[in-house]
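S.K.:
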Amino acid sequence: VIEKLVENWLTSVNELGFQLPFCEVLLSKGYHVLHVSSHGPGEHGKDIIARDSLGKLWAFQLKGGDIRLSNWREIRGEVEELVRLPVIYPGVRANEHHTPVLVTNGTIVGDARESITRFAQKWEADGSMLLEVWAGRELLAQFLEAHDRFLPTKLNDVRDFVDLYVGEPESRLPRAKLSRFLERLVDTEAIGRRPIHAKRAIESMILTGAYIIQQYEGVGNHISAAEGWTVIAASILHTAQREGLQENYFLDSLQLVWGALERNLGNLEREVLDREDFFERRLMLADSTVYGTRTLTTFGWVATATLLRKLRDEPKEIPKNSLSRIFRREFKNLKVATEADWPGIMSICLFLEQINYWPDADRLLGIWSEVVIRANYGKNAQGIPSPYWLPERAIAKATNLLPPDEDEQFGGKSFTLMSAMDMLVRRLCRQRVTILWPSVSRLYACDFKPDHEEDWFLWSCEKGELKAEEQPLEVSWNKWRSRASRLIKSNVPTLLLRYPEWLLPFSLTFPHRVNRSMSALIDSVIGRRVQVVNDPD
Amino acid sequence: LASQTHLHEGDRLSFHRNDGTIVPIAIENHKYEATIHLDEFREKGLAAAVGIAEHLRTEMAQDITHKMITEVSDACEQIGNTVGGPDKPLSAEVILEGLEKMAFDFDENGEWIRPTFVIHPSTADAFKAQITRLDTNPELRDRMAYLLNQKRITWRDREARRKLAD
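So the sequence lines, in the order shown, correspond to chains A and B. Count along the first sequence from 1, add 7, and you get the number used in the working numbering. Count along the second sequence from 1, add 95, and you get the number used in the working numbering.
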């Protein structure tokens, strides 16, 4: 079943869709991937540049579908560049020979095979290396080999894989299900405590995840795809932390996944900038119910894309004016459905600060606090769904589509209010905090922390404590300021300190992990307002 | 009746009070059993399964209620926050005494948010009669009004202390 599914995926995907999985195949064969194309100018037909385990240089060009003679005539110029022009990349000698490979997920049809062979021989006679062709079944065999023994084999896992693969790619990605499924592919039972097995399991897990996420990419569901890649990254970080892996066992894979995330965020940004609104016409009347949440989720991710570029010092200009225009257009439509929306609100606030819209950022933090307070106000207050309730479930509850036995009471407590108040305190919004505190102090502040560091990256963990803290009637502004400006290192996962670029995507994808300390970490890494310290004193 | 906190993950829950006390909530396993006989299933079909589900539901509800009342009673006993007893039958005076020991909450308009009383069905009628006495007996009504006023003052004082200091 799984082999058929992999074959189905491989033959239906386009060249962009199998670029990252193919890189994972190379990693599993001991290659070190030097460069993955962004499909811009100056790459001379080289989609992927890699070195094998013997240090030999390889360059790959990827094509989707069958190659007939007519296709070959169209692409021959590009392939000739792949073969004849040298690899220009830092660390590669100018005269170093490379083995060129034309990779296609289809087959070479009819006369194309002979023509390719003849040209390859001619280019070799002129001094280049002989062009290799990896196609069709050979490529499938390489993919299956890359999975080694880490493909899902248990009946439940196979069923989940098929469910996720044939899911509804136009809808939201079932994050919890994907996370739990991938977690089982890299669990201790599968790996057996050997780093090299962990590496292979990670590579196989990424391939398996890629088959699923590609379905979402295929229909332009950029946010779900971004969430999917982040779930994969979380599974890598979980395995790395649990097994105490050195970077050489997982970093290449993590970087490839980062590339896939970036590609989806870029696509999302372009779509947002191009659109006049966020309506989905195919949903018609029902769209009004989800429009506010979609707007908030979309803005959260777009803001994150911008903040990540800034964090990584990437040169691309922030399209400040266009984004701020869209933000002003849609601000009135933002709708909070659950506390799972908090990371999105944080991202938007930090983005507004980056473009110097300070008052709007403070206002948004105030609005979030008021929304939570108002939901808990009065005798029959229902509260607001906790971060464990993703927007789709909260909307189902609000529209009476949730079975009664799945309902939950949320009144009298909040998981995010104190994080928002901390941000206001750090921004010296004393007047606002003074007004809000009497209401805030009536609510219990909930905070969950996993016992084991690797469990931060799981969707749900077995060991950990939920603390519900009653607030004091009177609180000291100065002490609060001092406390909120520091974060104790042991309260957040070390790997997110080491790879801070994953912090925001992880928070948006796993909103229930954004407790008070994680919020402070975001305000440290992005907002630069919190100092990370080793101990409380 | 009481605030509910759902533990979605982890194995522990604790309440941290203002006064520094920490109330750990242990996770307990409770087991319920029911038997369905094949003959009964053949005879009644799905209705037999519904009966079993109803039986289990009732057992769980009783168990949870009993557990909650026991815990609340124990906590009240520990801090001496109890009224009545075998030598003190239920009366409006005992209810007033109980109310005096409680912290009252008021809504934004200063209206009293009445507490929920949990009573055994066998004493429900007697309880209602005593509550009616509280409303109709002039002396008791005055005592209740006075109590309410005192509690409102205490509440206002408490609420006024919710503030941001230097």
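From the three backbone atoms N, C-alpha and C, an ideal C-beta is built for every residue, glycine too.
What does the Cβ neighbour count give for residue 207/B, buried or exposed, with the cut at 16 atoms within 10 Å?
M.R.: Answer is exposed; the Cβ neighbour count stays below 16.
S.K.: Taking the alpha-carbon of residue 534/A as reference, which of 281/A, 355/A, 114/A, 144/A has the nearest alpha-carbon?
M.R.: Checking every option, the nearest Cα to that of residue 534/A belongs to 355/A.
S.K.: Give a yes or no on whether the minimum CB-CB distance between residue 192/B and chain A is below 8 Å.
M.R.: Answer no: the Cβ-Cβ gap between residue 192/B and chain A never drops below 8 Å.
S.K.: In three-state DSSP terms, what is residue 156/A?
M.R.: Reduced to three states, the DSSP call for residue 156/A is coil.
S.K.: Under three-state DSSP, which class holds residue 57/A?
M.R.: Strand at residue 57/A.
S.K.: Let me confirm a value: residue 347/A is counted as buried when at least 16 other C-beta atoms fall within 10 Å, else exposed. Which label applies?
M.R.: Label assigned to residue 347/A: buried.
S.K.: On the criterion of 16 or more Cβ atoms from any shown chain inside 10 Å, does residue 229/A qualify as buried, or is it exposed?
M.R.: That one is buried.
S.K.: On the premise that residue 267/A lies in contact with residue 513/A, defined as a C-beta separation below 8 Å, what is that separation, rounded to the nearest angstrom?
M.R.: Between residue 267/A and residue 513/A the Cβ distance is about 15 Å, and since that is not below 8 Å, they are no contact.
S.K.: Taking its Cβ as the centre, do 16 or more other Cβ atoms sit within 10 Å of residue 286/A, making it buried, or is it exposed?
M.R.: That one is exposed.
S.K.: Give me the chain B residues within the contact set of residue 444/A, using Cβ-Cβ distance strictly less than 9 Å, ordered along the chain.
M.R.: The contacting residues are 257, 258, 259.
S.K.: Kindly give me the distance between the Cβ atoms of residue 131/A and residue 137/A, rounded to whole angstroms, as I take these residues to be in contact under 8 Å.
M.R.: Contact holds; Cβ gap of about 5 Å.
S.K.: Give a yes or no on whether 8 Å exceeds the smallest Cβ distance from residue 133/B to chain A.
M.R.: Answer no: the Cβ-Cβ gap between residue 133/B and chain A never drops below 8 Å.
S.K.: For residue 448/A, which residues in chain B fall below 7 Å Cβ to Cβ?
M.R.: Simply 257.
S.K.: DSSP three-state label for residue 72/A, please.
M.R.: In this structure, residue 72/A counts as coil in the three-state DSSP scheme.
S.K.: Going along chain A in order, which residues have a C-beta closer than 8 Å to the C-beta of residue 247/B?
M.R.: By Cβ distance, chain A contributes nothing, its closest Cβ being about 16 Å from residue 247/B, past 8 Å.
S.K.: Could you please tell me which residues of the segment 415 to 439 of chain A, in chain order, have their CB closer than 9 Å to any CB of chain B?
M.R.: From the segment 415 to 439 of chain A, only 415, 416, 417, 418, 419, 420, 437 have a Cβ closer than 9 Å to chain B.
S.K.: What residue does the beta strand (DSSP E) around residue 100/B start on, and which one ends it?
M.R.: Element bounds for residue 100/B: n/a, residue is neither H nor E.
S.K.: From 112/B, 148/B, 214/B, pick the residue whose C-alpha is nearest to that of residue 479/A; which is it?
M.R.: Per the Cα distances, 112/B.
S.K.: Beta carbons nearer than 8 Å to chain B: which residues of the segment 459 to 482 of chain A have them?
M.R.: Cβ contacts with chain B come from 467, 468, 469, 470, 471, 472, 473, 474, 475, 476, 477, 478, 479, 480, 481, 482.
S.K.: Under a Cβ-count criterion, where at least 16 other Cβ atoms within 10 Å of its own Cβ denotes burial, should residue 252/B be classed as buried or exposed?
M.R.: Per the 10 Å Cβ criterion, exposed.
S.K.: Between which residues of its own chain and residue 90/A is the CB-CB distance below 6 Å, once the five residues before and five after are set aside?
M.R.: Correct list, in chain order: 107, 130, 135, 138.
S.K.: Have a look at residue 536/A and residue 390/A and give me their C-alpha separation to the nearest angstrom.
M.R.: Going from the Cα of residue 536/A to the Cα of residue 390/A covers about 30 Å.
S.K.: Mind checking residue 233/B: buried by the 16 CB within 10 Å criterion, or exposed?
M.R.: Exposed, since its Cβ has fewer than 16 Cβ neighbours within 10 Å.
S.K.: Give, in chain order, every residue of the segment 100 to 131 of chain B whose Cβ lies closer than 7 Å to some Cβ of chain A.
M.R.: For the segment 100 to 131 of chain B, which is checked against every Cβ of chain A, the residues closer than 7 Å are 100, 101, 102, 103, 104, 105, 106, 107, 108, 109, 110, 111, 112, 113.
S.K.: Please go through the same chain and pick out, in chain order, the residues whose beta-carbon is closer than 6 Å to the beta-carbon of residue 96/B, but skip the five residues on each side of it.
M.R.: Any reading at residue 96/B needs caution, since the residue's pLDDT is 42, under 50, leaving its predicted position unreliable; the model's value is listed next. Taken in chain order, the residues that qualify are 211.
S.K.: Is the CB of residue 266/B under 8 Å away from at least one CB in chain A?
M.R.: Residue coverage of chain B in this structure runs from 96 to 261, which leaves residue 266/B outside it and unanswerable.
S.K.: Write down the C-beta distance between residue 500/A and residue 463/A rounded to the nearest angstrom, noting that I regard them as a contact closer than 8 Å.
M.R.: Correct: roughly 4 Å between the Cβ atoms.
S.K.: Can you say whether residue 101/B is buried or exposed, counting buried as having 16 or more other CB atoms within 10 angstroms of its CB?
M.R.: Exposed, by the Cβ-count rule.
S.K.: Where do the ends of the beta strand (DSSP E) carrying residue 451/A lie?
M.R.: Start and end: 451 to 457.
S.K.: Determine, using beta carbons only, whether residue 444/A and residue 238/B come nearer to each other than 8 Å.
M.R.: No; because the gap between Cβ atoms is not below 8 Å, this pair is not in contact.
S.K.: Kindly confirm or deny that the segment 49 to 63 of chain A and the segment 300 to 309 of chain A touch, where touching means at least three C-beta pairs closer than 8 Å.
M.R.: No contact exists between the segment 49 to 63 of chain A and the segment 300 to 309 of chain A.
S.K.: Starting from residue 160/B, trace the alpha helix (DSSP H) in both directions and tell me its first and last residue.
M.R.: Where residue 160/B is concerned, the enclosing alpha helix (DSSP H) stretches over 141 to 173.
S.K.: Let me know the beta strand (DSSP E) ranges lying completely inside the segment 107 to 149 of chain A, each 3 residues or longer, listed in chain order.
M.R.: Fully enclosed beta strand (DSSP E) runs of 3 or longer: 139 to 142.
S.K.: Please work out which residues of its chain come closer than 6 Å, Cβ to Cβ, to residue 526/A, disregarding the five sequence neighbours upstream and downstream, and give them in chain order.
M.R.: Same-chain partners within the cutoff: 426.
S.K.: Can you tell me where the alpha helix (DSSP H) holding residue 198/A begins and where it ends?
M.R.: 195 to 198 is the span of the alpha helix (DSSP H), which, as asked, contains residue 198/A.
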